[in-house]
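What follows is a single structure, written as structure tokens, with notes after it.
Written out as structure tokens, the structure is:
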């Protein structure tokens with residue numbers, strides 16, 4: 001009886017150690033991905049109905065009033081290497097609640113207003129030629 005209890009405790013300690021090791025490795029991998037440097041020269045492109053409205057470097061702190069035909073559609077803010085929608089003149093407001101984006105390939109879309117905010121790399125090609 002005593003032998004069975006001792007063996008069970010030994011097995012539980014082994015599982016506990018493996019669990020802690022697995023959690024530590026996963027946390028380290030997650031933090032590494034979060035803290036990787038952003039691509040140098042990343043740009044923010046604001047598009048209205050698919051057409052380029054403006055483009056700024058992600059390193060430029062700026063407030064961008066987005067207008068179409070003199071009508072205010074929304075405001076995007078670039079600060080500290082991130083971009084977000086501060087306000088939008090639409091019903092849902094999903095684009096405002098989406099939060100910040102900071103990495104190449106991420107985007108914020110406001111479908112009712114036709115606004116798209118994209119992060120692109122420096123000198124990114126639209127297609128392959130050859």
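Numbering (this note's numbering), first residue to last: 1 to 130.
The beta carbon of each residue, even a glycine, is placed where N, CA and C say it ideally should be.
Flag this pair as yes or no: are the beta carbons of residue i and residue j separated by less than 7 Å?
i	j	result
residue 88	residue 96	yes
residue 115	residue 66	yes
residue 108	residue 85	yes
residue 90	residue 106	no
residue 82	residue 100	yes
Apart from the five residues just before and just after residue i, which ones in its own chain have a Cβ nearer than 6 Å to its Cβ?
i	result
residue 55	43 and 45
Excluding five sequence neighbours on each side, which residues of the same chain lie with their C-beta closer than 8 Å to the C-beta of residue i?
i	result
residue 57	41, 42, 43 and 44
residue 92	112
Using a Cβ-Cβ cut-off of 7 Å (strictly less than) and excluding sequence neighbours within five positions of residue i, which residues of its own chain qualify?
i	result
residue 62	56 and 78
residue 49	114
Please check the pair residue i and residue j, which I expect to be a contact at CB under 8 Å, by giving their CB distance rounded to whole angstroms.
i	j	result
residue 47	residue 64	That pair is no contact at about 12 Å.
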